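Novice: Residue numbers (the numbering used here): 528 to 820. Note that beta-carbon positions come from the ideal geometry of N, C-alpha and C, so glycine has one too. These figures come from a predicted structure and were not determined experimentally.
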């Protein structure tokens with residue numbers, strides 16, 4: 528599914544002295560003219576697609592890593608793409624993302640991983656580490672440090688940076704502006720433990736309940752409770768409302784199953800009751816008549 532560029536135009540980043548023509552999160556009407564800075568900025572959803580697991584990245588501690596290495600523990604990933612010197616949008620997305628996560632009972636490091644990747648190939652791990660420490664201090668949950676990764680680029684032999692390859696796999700379209708800043712959309716992507724893209728969340732405001740359900744969906748039974756998985760089974764993601772809504776067919780299935788169980792239970796009860804009554808009923812004495820000659 529292609530998300531129209533004009534929908535994400537409010538998510539474009541400018542230089543420190545510039546501001547977008549409308550508030551972040553606003554959604555212009557499709558068909559409106561788009562400024563050159565916004566053209567080509569989009570998310571092309573690749574739900575079910577695979578992110579490259581072996582492309583080289585640099586962790587915030589300066590050690591080489593890959594998404595495959597991060598996924599080895601079997602926990603899903605909440606993926607953010609942007610860059611660390613971003614003057615506006617990336618900070619908004621990460622701030623609001625961590626703020627929503629603080630209201631979710633699932634925890635980074637324990638239940639899932641949070642990975643932020645810089646698309647700016649000039650940014651280094653020192654800057655990434657400083658950004659990570661700031662968000663860890665705000666999140667302040669035990670064990671979160673092991674689950675938060677702020678990654679930077681490593682140049683490949685083909686000349687394409689790993690973040691660019693991952694951005695292409697996710698459908699994250701961005702570009703470098705003459706000012707040296709990057710135009711890009713605002714999104715979080717949920718990645719399953721096998722590297723499949725499961726869900727996209729857009730904008731700079733995130734509903735904690737929606738974020739939690741997206742994480743449970745990406746966890747595919749490994750996180751959350753059985754009740755969470757049942758609730759998820761009864762819902763489907765609705766892009767127009769940017770949240771999970773009841774899936775009518777699932778509700779009908781549940782209703783039908785309950786009806787069958789109730790009817791079967793009633794029939795079994797009646798059968799057993801009839802059998803019990805038959806066993807307890809007194810046996811009538813046999814009558815005989817004598818005929819005299």
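Just the Cα atoms here: how many angstroms apart are residue 737 and residue 730?
Specialist: Position 210 of the chain shown, counting from 1, holds the residue named residue 737. Position 203 of the chain shown, counting from 1, holds the residue named residue 730. Their backbone Cα atoms lie some 13 Å apart in a straight line.
Novice: Residue 679 bridges to which residues according to DSSP?
Specialist: Within the chain shown, numbered from 1, the residue matching residue 679 stands at position 152. Answer is 585.
Novice: Between which residues of its own chain and residue 638 is the CB-CB distance below 6 Å, once the five residues before and five after are set aside?
Specialist: Indexing the chain shown from 1 puts residue 638 at position 111. Excluding positions up to five away in sequence, the list reads 750.
Novice: Could you check where the beta strand (DSSP E) with residue 726 kicks off and where it finishes?
Specialist: Taking the chain shown and counting its residues from 1, the one referred to as residue 726 is at position 199. From DSSP, the beta strand (DSSP E) with residue 726 extends over 724–729.
Novice: Report the CB separation of residue 745 from residue 719 in whole angstroms; it is logged as a contact under 8 Å.
Specialist: Counting from 1 along the chain shown, the entry for residue 745 is found at position 218. Counting from 1 along the chain shown, the entry for residue 719 is found at position 192. Sure, about 5 Å apart at Cβ, within 8 Å.
Novice: For residue 569, write down the residues that DSSP places opposite it in a beta bridge.
Specialist: Stepping through the chain shown from its first residue, residue 569 is reached at position 42. 700.
Novice: State buried or exposed for residue 708, treating a residue as buried only when at least 16 other CB atoms are found within 10 Å of its CB.
Specialist: What you label residue 708 is simply residue 181 of the chain shown in a count that begins at 1. So residue 708 ends up on the buried side.
Novice: Taking the CB atoms as reference points, tell me whether residue 722 and residue 571 lie closer together than 8 Å.
Specialist: Position 195 of the chain shown, counting from 1, holds the residue named residue 722. Position 44 of the chain shown, counting from 1, holds the residue named residue 571. Cβ atoms of residue 722 and residue 571: not closer than 8 Å.
Novice: Leaving aside the five residues before and after residue 580 along the sequence, list all residues of the same chain whose C-beta is less than 8 Å from its C-beta, in chain order.
Specialist: Counting from 1 along the chain shown, the entry for residue 580 is found at position 53. 593, 594, 595, 598 and 722, listed in sequence order.
Novice: Please report how far the alpha carbon of residue 704 lies from the alpha carbon of residue 647, in whole angstroms.
Specialist: Within the chain shown, residue 704 is the residue found at index 177, counting from 1. Within the chain shown, residue 647 is the residue found at index 120, counting from 1. Looking at the two C-alpha atoms, the distance is approximately 12 Å.
Novice: Apply the 10 Å Cβ neighbour rule to residue 748 and answer buried if 16 or more other Cβ atoms are within range, or exposed otherwise.
Specialist: Working through the chain shown from its first residue, we reach residue 748 at position 221. Exposed is the call here.
Novice: Which residue comes first and which comes last in the beta strand (DSSP E) that contains residue 642?
Specialist: Taking the chain shown and counting its residues from 1, one reaches residue 642 at position 115. Taken as a continuous stretch (DSSP letters only), the beta strand (DSSP E) holding residue 642 covers 640–645.
Novice: Would you mind giving the Cβ-Cβ distance between residue 678 and residue 584, rounded to the nearest angstrom? I have them listed as a contact below 8 Å.
Specialist: For the purposes of this step, residue 678 is taken as the residue at position 151 of the chain shown. For the purposes of this step, residue 584 is taken as the residue at position 57 of the chain shown. Correct: roughly 4 Å between the Cβ atoms.
Novice: Over the uninterrupted alpha helix (DSSP H) stretch that includes residue 624, give me the two end residues.
Specialist: Taking the first residue of the chain shown as 1, we reach residue 624 at position 97. First-last of the alpha helix (DSSP H) with residue 624: 616–628.
Novice: To the nearest whole angstrom, what separates the beta carbons of residue 734 and residue 676, a pair I think is in contact under 8 Å?
Specialist: Residue numbering aside, residue 734 sits at position 207 when the chain shown is read from its first letter. Residue numbering aside, residue 676 sits at position 149 when the chain shown is read from its first letter. About 24 Å separates the two Cβ atoms, so there is no contact after all.
Novice: Buried or exposed, going by whether 16 or more other CB atoms sit within 10 Å of the CB of residue 649?
Specialist: If you number the chain shown from 1, residue 649 lands on position 122. Classification for residue 649: exposed.
Novice: Helix, strand or coil for residue 606? Go by DSSP, reduced to three states.
Specialist: Along the chain shown, one-based indexing puts residue 606 at 79. In the structure shown, residue 606 sits in a strand (DSSP, three-state: E or B).
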